[in-house]
Amino acid sequence: MLTLATDLDALTRFGRALADPIRCRLLLMLREAPAHPADMAEELGISRTRLSNHLACLRDCGLVVAVPVGRRTRYELADPRLGHALDDLRNAVLAVEADRSCPDADEKGCC
Numbered sequence: 115m116l117t118l119a120t121d122l123d124a125l126t127r128f129g130r131a132l133a134d135p136i137r138c139r140l141l142l143m144l145r146e147a148p149a150h151p152a153d154m155a156e157e158l159g160i161s162r163t164r165l166s167n168h169l170a171c172l173r174d175c176g177l178v179v180a181v182p183v184g185r186r187t188r189y190e191l192a193d194p195r196l197g198h199a200l201d202d203l204r205n206a207v208l209a210v211e212a213d214r215s216c217p218d219a220d221e222k223g224c225c
């Protein structure tokens with residue numbers, strides 16, 4: 115059974131991964147199919163070094179895994195359910211005022 119701490123940790127890791135547009139694009143790419151780093155770097159138009167840093171973050175967050183394939187490494191989502199979660203997030207409708215990050219920014223002192 116998951117504890118509240120485990121739930122919070124999982125959401126925090128997912129949030130950290132989604133906080134960067136490149137990592138979001140990587141997750142969406144891997145949602146479609148596993149891929150090799152060289153192919154991902156080319157498709158994203160970024161250096162392999164930069165890609166490597168983002169993949170390390172996604173690995174540390176527990177969202178992707180590296181799978182050895184001969185002399186190369188392929189990346190894929192750590193759990194197929196992450197693809198469904200990404201779909202749900204993409205399809206969610208967010209109600210946000212144009213001049214703030216969240217509707218309760220004034221009352222809560224956030225954003």
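Residue 189 in the working numbering sits at position 75 of the sequence shown; the count goes up by one each step and never skips.
Virtual Cβ for every residue (Gly too), placed ideally from N, Cα, C.
Small disclaimer: the values here were computed from a predicted structure and weren't measured.
Query, Result
"Using the beta-carbon count (16 or more within 10 Å), is residue 115 buried or exposed?", "Below a pLDDT of 50, predicted positions are generally treated as unreliable, and residue 115, at 48, falls in that range; the measurement from the model is reported next regardless. Per the 10 Å Cβ criterion, exposed."
"Looking only at C-alpha atoms, which of 154, 141, 200, 152 sits nearest to residue 178?", "141"
"Taking only the alpha-carbon atoms, compute the straight-line gap between residue 131 and residue 138 and give it to the nearest angstrom.", "7 angstroms"
"Return the first residue and the last residue of the beta strand (DSSP E) that residue 191 is part of.", "186–191"
"Give the DSSP-derived three-state secondary structure of residue 116 in the structure shown.", "A caution first: residue 116 carries a pLDDT of 48, below 50, which makes its placement in the model too unreliable to give a value."
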